[in-house]
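Worksheet for the structure shown next.
Residue numbers (my numbering): 3 to 832.
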């Protein structure tokens, strides 16, 4: 005990000597003008003080950023590295500042940043029970700034080092800050930068964290407790050490009485006040803690942040530290209603089980602006070990499964853009073998197939809703001469950006070509059958253009970003652009309404829209798509077409909402979907196809859309004047004719199959355009489309009665089976 007491005495003496040295140096610095040459030691100390410069830089403190839904009020998530919300001193109760000054710096209003009297008092009071240190609040603020700006352990140690050099620097900085700031400004900065423990930075966040109230509502005992935390947040944490926190709080209250800020009666009442804390929880940071009042919003939150950094150009650090207000495009009400409809009555025969190996991914956009309004799925956002019903993977933006016959949209659109009429006929029987594609690119001997009884010849406005495989492969072959450049270009111009990604070989290594280049160079006629893996959001955006009169608005999740002062923060946002003309858009969208309309020409999804139209719903345009599944053959190790379906797609199109519904397995995109709740099937997967996805599209959006009424404008009502026909003219004649009528002229890079003389105009489009518009000409290849007479075959797939009464496919085609010579037949991609 004697030895311990001796060490204690030595420690106190050491502290006393150290503080007295500091006092002497600082005093010498202050008194240099008066001491002149009186004493070398004093002069040396003064010079040390005067030659020490303040290197402190006051950076704006980190603040939490908040992401909102499109109303600018509904919070999606808070994003931060330090949970802080800066407040003005005027909003802070006097009880907070009085508690702080009475405990940490009683002479705050008397000194100019450094308090020599306080230093002497700190040097003389060495007992552990001292409630006031030698540093002023201004010096403590300097220390807080140093800690705030420290990036390494060494810098943090230097910021808190108890030595004369640091004290001299802190004193110089304190004097500098006092010269350029009022006392009120220093208090405000101190209270906003201070750390209070439990992840709470600044007095506002501390009030919310510990008491669940705004700072302006803090009471005397609450103010005292928070001020008491500043000295040692961990030691006095009321959640972990309630008695120590209470003792510290009461000490602060006594200090307030001692300085005359409150009466003894107020202090007694404050100490007797119930010690009630807010529920203890981790600060809700990031998309993992997104607002539970918006169902499953974590997926959208992740997407918006990713978009802001990769497209918008903001750094993650700026987002997490700058106190931004991010207003997104999310419609919280529509998200909730749509998500609820998918989750309602879970476990019944009519709902999806999140634990299924396949996933529903269904984003929606407003086609007039590209604003992403919902991201609906059967999965839960999050991670729960061993539970496949939870995921944080970007399922809406990742291309993991082929979209089947939805790609016929790009082929039909490309044809219509060059003036091919809506009733353009192609003869392409079953099986179909290409005539213009290079040798080796046709899947001989089986060729391209339809499942069921399809006619050999169809017009475009029947072939698209019925989703004839052979028609669209025939169009690639006979109309475009198997030059897929214009079709692929149409897709990429509408935001199908995955096509600009690298082609990979069987070992997963880049081949040096993009997927777009590979498709064109290899004359891959299966492109129209949707074999390429596709992002649900990209496909949604691409098909939105047809609902917006040909103007494509890339999907965007952010409306605005502002800083703490309300000033707009610039970020990059791709603008809308016209990709095709209104005449073409209106022609195509009216054709696509037949996909769902039982009163139309008949389409693949009509069987699911009976209730919609029966209750007075307006015409929904759409397109279905299905991809083949395959199973590994043990004998060969190859994944072979098993006659089932692996990816089910439906894109529904309205004037205010477009959404692609995708059902597929993100991990095994060619794995069969054996059964879908609410669909009559034999559990083999032979009875589910693209239109199945329309069930969930309607389930999610019907309540929202049912109250709206719309009509699609006709092609004949497109703005402009009729274009004088130039079919059969030479290029010079057609150009002269069109330019004399005030139009510009562009020639398609590839020739078109036509009965017209070679190099004369085969097609021109659009047929109605505004003066000054560009008319696209496709010159004839001189090769007229030929009548195709099918050869009888025994390999034809049996059909099954479809929802419209026509024979619909037993499975999707254009998927992963049948593109190579000798392979299985290409089945339909309904």
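For glycine and all other residues, C-beta sits at the position ideal for the given N, C-alpha and C.
Contact under 8 angstroms by Cβ, residue i with residue j
i, j, result
"residue 849", "residue 332", "Look at the range of the chain in this structure, 3 to 832, and you will see that residue 849 is not part of it."
"residue 328", "residue 560", "yes"
"residue 750", "residue 778", "yes"
"residue 288", "residue 79", "yes"
"residue 418", "residue 767", "yes"
"residue 364", "residue 661", "yes"
"residue 666", "residue 649", "yes"
"residue 463", "residue 425", "yes"
"residue 358", "residue 207", "no"
"residue 218", "residue 705", "no"
"residue 191", "residue 238", "no"
"residue 647", "residue 628", "yes"
"residue 542", "residue 367", "yes"
"residue 547", "residue 581", "yes"
"residue 403", "residue 617", "no"
Strand pairing of residue i, partner residues [DSSP]
i, result
"residue 651", "627 and 664"
"residue 81", "67"
"residue 732", "762"
"residue 506", "512"
"residue 461", "427"
"residue 642", "633"
"residue 363", "379 and 664"
"residue 780", "765"
"residue 724", "770"
"residue 271", "DSSP lists no partner for residue 271."
C-alpha gap between residue i and residue j, whole angstroms
i, j, result
"residue 671", "residue 769", "42 angstroms"
"residue 100", "residue 108", "9 angstroms"
"residue 390", "residue 379", "13 angstroms"
"residue 787", "residue 557", "38 angstroms"
"residue 571", "residue 361", "37 angstroms"
"residue 552", "residue 663", "22 angstroms"
"residue 172", "residue 147", "11 angstroms"
"residue 423", "residue 602", "18 angstroms"
"residue 533", "residue 761", "33 angstroms"
"residue 396", "residue 449", "37 angstroms"
"residue 599", "residue 514", "45 angstroms"
"residue 468", "residue 474", "11 angstroms"
"residue 526", "residue 719", "37 angstroms"
"residue 801", "residue 604", "With a pLDDT of 31 at residue 801, under the threshold of 50, the modelled position of this residue cannot be trusted, and the question is left open."
"residue 232", "residue 196", "7 angstroms"
"residue 406", "residue 531", "5 angstroms"
"residue 34", "residue 178", "Since pLDDT at residue 34 reaches only 44, below the 50 mark, its modelled position is unreliable, and the value read off the structure follows with that caveat. Roughly 18 angstroms between the two C-alpha positions."
"residue 161", "residue 189", "20 angstroms"
"residue 596", "residue 653", "13 angstroms"
"residue 544", "residue 71", "24 angstroms"
"residue 741", "residue 501", "35 angstroms"
"residue 199", "residue 394", "30 angstroms"
"residue 251", "residue 139", "19 angstroms"
"residue 437", "residue 481", "11 angstroms"
"residue 791", "residue 427", "Reliability fails at residue 791, whose pLDDT of 46 lies under 50, so the model's placement of it is uncertain and no value is given."
"residue 240", "residue 166", "34 angstroms"
Own chain, CB closer than 8 angstroms to residue i, minus 5 neighbours either side, in chain order
i, result
"residue 321", "67, 81, 307, 310, 311 and 328"
"residue 783", "483, 753, 754, 755, 756, 760 and 764"
"residue 229", "98, 101, 102, 105, 106 and 254"
Nonlocal neighbours in the same chain, by C-beta distance under 6 angstroms from residue i, ignoring five residues either side
i, result
"residue 520", "505"
"residue 737", "747"
"residue 201", "85 and 285"
"residue 577", "none"
"residue 796", "Confidence in residue 796 is poor, its pLDDT being 38 and thus under 50, which makes the residue's placement unreliable; the coordinate value appears in the next sentence. Contacts found: none."
"residue 803", "Reliability of the predicted coordinates at residue 803 is poor, the pLDDT of 31 falling under 50, and no value is obtained from them."
"residue 269", "255 and 259"
"residue 611", "598"
"residue 620", "711 and 712"
"residue 465", "473"
"residue 304", "289"
"residue 780", "420, 750, 754, 764 and 765"
Own chain residues within Cβ distance below 7 angstroms of residue i, not counting five before or after
i, result
"residue 54", "170, 171 and 174"
"residue 383", "298, 300, 301 and 394"
"residue 150", "63 and 195"
inquiry  = What ranges does the alpha helix (DSSP H) occupy inside the stretch 515-561, keeping only unbroken runs of at least 4 residues that lie completely in it?
reply    = Along the stretch 515-561, the alpha helix (DSSP H) occurs as fully enclosed runs of 4 or more residues at 517-523 and 538-546, listed in sequence order.
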